[in-house]
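Participant: For the sequence shown, the positions run 0 to 149 when numbering that gives the first Met the number 0 is used.
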Amino acid sequence: MNISIDLLKYVEYLKVKSFNQQKRVFDPIRQKDILLTPEETVRQLMIHLMHQEYAYPMTKIAVEKAIQIGTTTKRFDLLFYNQQFQPHVLVECKAPKVLISESTFRQAAWYNFQLHADYLIVTNGTQTYCCLMDYEKNDYTFQQGLPKFK
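1) How about T40 and G144: are their beta carbons less than 9 Å apart?
2) Among the candidates V90, N111, V121 and H87, whose CA atom is the shortest distance from the CA of Y98?
3) Taking the alpha-carbon positions, what's the Y12 to K147 distance?
4) Can you tell me the Cβ-Cβ gap for L77 and V62, rounded? I've got them flagged as a contact below 8 Å.
5) Counting contacts by CB-CB distance shorter than 9 Å, is D5 in contact with chain B?
6) I need the DSSP call for L6, collapsed to helix, strand or coil.
7) According to DSSP, what are the bridge partners of Y80?
8) Nearest CA to the CA of N81: which residue from Q142, C92 and K149?
9) Go through its chain and collect everything with a Cβ distance to T127's Cβ below 6 Å, but skip five positions before and after it.
10) Kindly identify the DSSP beta-bridge partner or partners of S17.
11) Could you give the C-beta distance for P37 and P95, rounded to a whole number, given that I count them as a contact under 8 Å?
12) Could you check where the alpha helix (DSSP H) with M57 kicks off and where it finishes?
Encoded structure:
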């Protein structure tokens with residue numbers, strides 16, 4: 000179930016500047032300027048959406064951290080923690096031109112098997128899907144909205 004979100008209303012929160020003919024955006028979590036790619040734009044807008052609309056404190060957000068999956072090291076896009084600093088929402092961001100497919104979900108779910116976040120969100124900024132995970136049944140349920148901070 001595709002969830003309608005308006006990421007463009009958070010563009011005003013992006014601090015973009017040009018440097019050596021490249022656009023860079025200030026990442027409030029990593030506290031540094033990052034090359035502004037289409038995927039990075041979606042990632043930064045999701046940070047502001049989840050902070051402004053869903054009350055996630057900036058201190059409860061992780062961006063592009065490495066995780067070990069078997070013998071492979073991967074990086075997740077965004078992880079939002081709950082009050083107890085347990086993984087609550089894992090977000091996989093794609094560029095707007097990348098269609099959300101089953102393989103995109105598989106990639107995010109693969110990361111989440113390691114993290115065990117309560118929710119999994121996959122978005123390209125225009126398509127957004129959110130699932131509530133059920134680890135006991137190895138299943139998930141699509142949600143009609145995004146989870147608030149708890």
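Note that the Cβ used here is the ideal one computed from N, Cα and C, for glycine as well.
Facilitator: Taking the structure as given:
1) no
2) Contrary to the premise, residue 98 reads as Leu rather than Tyr in this sequence. For the residues V90, N111, V121 and H87, the minimum Cα distance to L98 belongs to V121.
3) 20 Å
4) 6 Å
5) In the structure shown, chain B cannot be found, because there is only a single protein chain.
6) helix
7) P86
8) K149
9) I2 and I4
10) K22
11) 6 Å
12) Taken as a continuous stretch (DSSP letters only), M57 belongs to no alpha helix (DSSP H), as it is neither H nor E.
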